[in-house]
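Asker: Just so you know, we're using our numbering here: the sequence shown kicks off at 41 and counts up by one.
Glycine included, C-beta positions come from ideal geometry on N, C-alpha and C.
In this text the structure is predicted, and so the values were computed from the model without any measurement.
The structure follows.
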Amino acid sequence: MPRSSPSVLVVGGGAASVFVTVALRERAAALGLPAPEVTVVARDIPVGLGLAYGRAEAHHRLNSPASAMSLSSAEQGGFLAHLDEMGWRDVDGSEASAGSFIPRQVYGGYVAGAFQALLDDPASGVTAVQGEAVSVVDVGGRSAVTLADATELQADVVVLALGNPPPGRVRVPTAGVGRTVDDPWARGALDGIRATDRVLLIGTGLTTIDIATSLARRHPGVVMTATSRHLLLPAVHLVAPVPAWPGFVSSGEAPRLPGLLREFGRQLRTASAAGEPWQPVLDGVRPQIHALWQALDAADRKRFVAHVARRWDVHRHRMAQSVWAELSALIDSGTLTLSADVSGEEFDVAVNCTGPNSVAAPGWSPLVDGLLSAGAVVPDPAGLGFDADASGALVGAAGGVSTRLFAIGAALKGALWETVAVPEVRLVATRIAERVLPA
Ligand SMILES: Cc1cc2nc3c(=O)[nH]c(=O)nc-3n(C[C@H](O)[C@H](O)[C@H](O)COP(=O)(O)OP(=O)(O)OC[C@H]3O[C@@H](n4cnc5c(N)ncnc54)[C@H](O)[C@@H]3O)c2cc1C
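Next comes the structure, spelled out in structure tokens:
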């Protein structure tokens, strides 16, 4: 008689909830265990789309190549196989390849379709409940999750896959602006913007690129200005991918930030001297980021956030070549101007494109507020999310690591630094599954 698997409740119906579900099922299968019962509590149905894939417009592209986007950690070509099966062709008629940057809506179809297939199979043990989770409490060795409509659900393990909170307050002076859009991803947020509006986009990152291209497509002739202090745009992916470098060789000592940055700089200079691109150097470090970040002390993490993070982000989160082509055409035509020095009176509407706030920020989620005030979770020392270990097991105010409460995605930014993109979401989902279903 095989041992039974603990039941798992995942809060949040974005892509991460599907990654957790898939990882748990793969882990149980690898151990010869029955698949665990998984319930996803989701504010929005269908499960799997979330913010990144549910709010995307048809022209918004993934910023990672198709080969990196499989749901399964066992089957790396899963997304490509899906595209092949559906006979997907790009706007120019080309088939998808490992290095293709596919529209986000298409990716959402893959993730949501995989979850729907589990829901359609009564033997899968996977269910979805639409609603908002407002509290998670211990009840006699299990967890009870209460929804806003007072429904109570119980499970052995709870995974918080809460995704991305709306943007925080902006530092740019917006006094004098006619009106502001505080969250560009809210449904219909851009609908009130007219072709004649002078638009200020606050931020120069990936959100700005999405919103600028969307507004230019809706309203040809619209005039936009994007502002940030540094005016750094995200870097661009190479036309043809190059194998990643080996990353850092550990000296066996606990790393300190200055030494890591020196070594990184040395590798970049070596690449440059050899006429090689910098992208594979960064790609080589990426798989080691969790270990390096966890080995840094709190002071070095804060230093990184204050002085390095912005440059890291613009090089790490790169846009596809086709996106760059569209964006640079907007800049060349004067549709989009970049300016560090703006004044509110010059604009009819300002759009906050600064990106998501910290998951641990108070006020955006009754569930998070309750968990913080109960001490079930605590903010990480850098204030970017929740304190947790490498498997996403959450640290409470008493200091211990929970065996029943986990998080995945943006909530782990301060604990692991690289946590929101699919490769890291998949990795953490695998670690959660290994913890919930030990060998
Ligand atoms: C605009 C955008 C584009 C992106 N593009 C890429 C990309 O190209 N490649 C890549 O690898 N990554 C990309 N990402 C990163 C993205 O974060 C991940 O790929 C992934 O989609 C994260 O999913 P998630 O489930 O963690 O979060 P989300 O998609 O934000 O989903 C979380 C869900 O949980 C729900 N929720 C929150 N609280 C509760 C509650 N209390 N009760 C019930 N439901 C709740 C929310 O309503 C939401 O639907 C992008 C992110 C964004 C924002």
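1) With which residues is residue 186 paired in a DSSP beta bridge?
2) First and last residue of the alpha helix (DSSP H) that includes residue 304?
3) Would DSSP call residue 460 helix, strand or coil?
4) Have a look at residue 271 and residue 215 and give me their C-alpha separation to the nearest angstrom.
5) Taking 6 angstroms as the limit between beta carbons, can you name the residues of its chain near residue 411, skipping five residues before and five after?
6) Is it the case that the region 135-146 contacts the region 94-109, given that we only count it when at least three CB pairs across the two stretches are under 8 angstroms?
7) With H, G and I counted as helix, E and B as strand and the rest as coil, what does DSSP make of residue 41?
8) Hey, which unbroken runs of the alpha helix (DSSP H) at 4 residues or more fall wholly within the region 335-382?
9) For the beta strand (DSSP E) that contains residue 263, what are its first and last residues?
10) Assign residue 100 to one of two classes, buried (16 or more other C-beta atoms within 10 Å of its C-beta) or exposed (fewer than that).
11) For residue 179 and residue 253, I'd like the C-alpha separation in whole angstroms.
12) Excluding the five sequence neighbours on either side, which residues of its own chain have a C-beta within less than 6 angstroms of the C-beta of residue 51, listed in chain order?
13) Suppose the cutoff is 7 angstroms on Cβ atoms and the five residues either side in sequence are ignored; what does the same chain contact list for residue 210 look like?
14) Within the continuous alpha helix (DSSP H) that includes residue 144, where are the two ends?
15) Tell whether a beta-carbon distance below 7 angstroms holds between residue 357 and residue 452.
16) For ligand 1, any of its heavy atoms closer than 6 angstroms to the Cβ of residue 83?
17) Considering only residues of the same chain and omitting the five flanking positions on each side of residue 256, which have a CB-CB separation below 7 angstroms?
18) Spell out the partners DSSP gives residue 428 in its beta bridges.
19) Quick one: is residue 41 buried, meaning 16 or more other Cβ sit within 10 Å of its Cβ, or exposed?
20) For the beta strand (DSSP E) containing residue 242, name the first residue and the last one.
21) According to DSSP, residue 488 sits in a beta bridge with which residue or residues?
22) Do residue 308 and residue 321 have their beta-carbon atoms positioned less than 7 angstroms apart in this structure?
23) Measure the beta-carbon distance from residue 360 to residue 259 and round it to whole angstroms, keeping in mind my assumption that it falls under 8 angstroms.
24) My output table needs one value for residue 445: the three-state DSSP class, helix, strand or coil.
25) What's the C-alpha gap between residue 148 and residue 336?
26) Flag this pair as yes or no: are the beta carbons of residue 478 and residue 205 separated by less than 7 angstroms?
27) Can you say whether residue 368 is buried or exposed, counting buried as having 16 or more other CB atoms within 10 angstroms of its CB?
28) Given the structure, does residue 397 come close to ligand 1, in the sense that its CB is under 6 angstroms from one of the ligand's heavy atoms?
29) Going by the C-beta, is residue 276 closer than 6 angstroms to any heavy atom of ligand 1?
30) Leaving out five residues before and five after residue 461 in sequence, what residues of the same chain have Cβ atoms less than 7 angstroms from its Cβ?
31) Note down the Cα distance separating residue 170 from residue 188, rounded to an integer number of angstroms.
Answerer: The structure says:
1) Within the DSSP secondary-structure output, residue 186 pairs in a beta bridge with 175 and 192.
2) Residue 304 -> alpha helix (DSSP H) spans 297-313.
3) Reduced to three states, the DSSP call for residue 460 is coil.
4) Their backbone Cα atoms lie some 21 angstroms apart in a straight line.
5) Counting only Cβ-Cβ distances below 6 angstroms, and skipping sequence neighbours, we find 417.
6) The region 94-109, when compared against the region 135-146, does touch it at the 8 angstroms Cβ threshold.
7) Caution is warranted here: a pLDDT of 49 is assigned to residue 41, below 50, making its placement in the model unreliable, and the coordinate value is therefore given only provisionally. Residue 41: coil per DSSP, three-state reduction.
8) Every alpha helix (DSSP H) of 4 residues or more that sits fully in the region 335-382 is shown, in chain order, as 338-347, 349-356 and 361-372.
9) Taken as a continuous stretch (DSSP letters only), the beta strand (DSSP E) holding residue 263 covers 263-267.
10) Classification for residue 100: buried.
11) Rounded to whole angstroms, residue 179 and residue 253 show a C-alpha spacing of 49 angstroms.
12) Cβ within range, chain order: 81, 173 and 200.
13) Answer for residue 210: 242, 392 and 394, listed in chain order.
14) From DSSP, the alpha helix (DSSP H) with residue 144 extends over 144-160.
15) No, they are not a contact pair.
16) Between ligand 1 and residue 83, a heavy atom-to-CB distance of less than 6 angstroms is present.
17) Shown here for residue 256: same chain residues with a beta carbon closer than 7 angstroms to its own, the five before and five after excluded, namely 262, 370 and 375 in chain order.
18) Beta-bridge partners assigned by DSSP to residue 428: 434.
19) Note that residue 41 scores 49 on pLDDT, short of 50, meaning its location in the model is unreliable; the coordinates nonetheless yield the value given after this. Taking all protein chains in view, the Cβ of residue 41 is surrounded by fewer than 16 other Cβ atoms within 10 Å, so the residue is classified as exposed.
20) It spans 238-242 - the beta strand (DSSP E) in which residue 242 sits, taken as one unbroken run.
21) The requested residue 488 is not part of the displayed model; the chain covers only 41 to 479.
22) A contact, by the Cβ cut-off of 7 angstroms.
23) Taking the Cβ atoms as the reference, residue 360 lies roughly 23 angstroms from residue 259, outside the contact range of under 8 angstroms.
24) DSSP, reduced to helix, strand and coil, places residue 445 within a strand of the structure shown.
25) Answer to the nearest angstrom: the Cα atoms are 35 angstroms apart.
26) No, they are not a contact pair.
27) It is exposed - the Cβ of residue 368 has fewer than 16 other Cβ atoms within 10 Å.
28) No, the beta carbon of residue 397 sits no closer than 6 angstroms to any heavy atom of ligand 1.
29) No.
30) Sequence-distant partners of residue 461 (beyond 5 residues in either direction) whose C-beta falls short of 7 angstroms from its own C-beta, in its chain, are 104.
31) Their backbone Cα atoms lie some 10 angstroms apart in a straight line.
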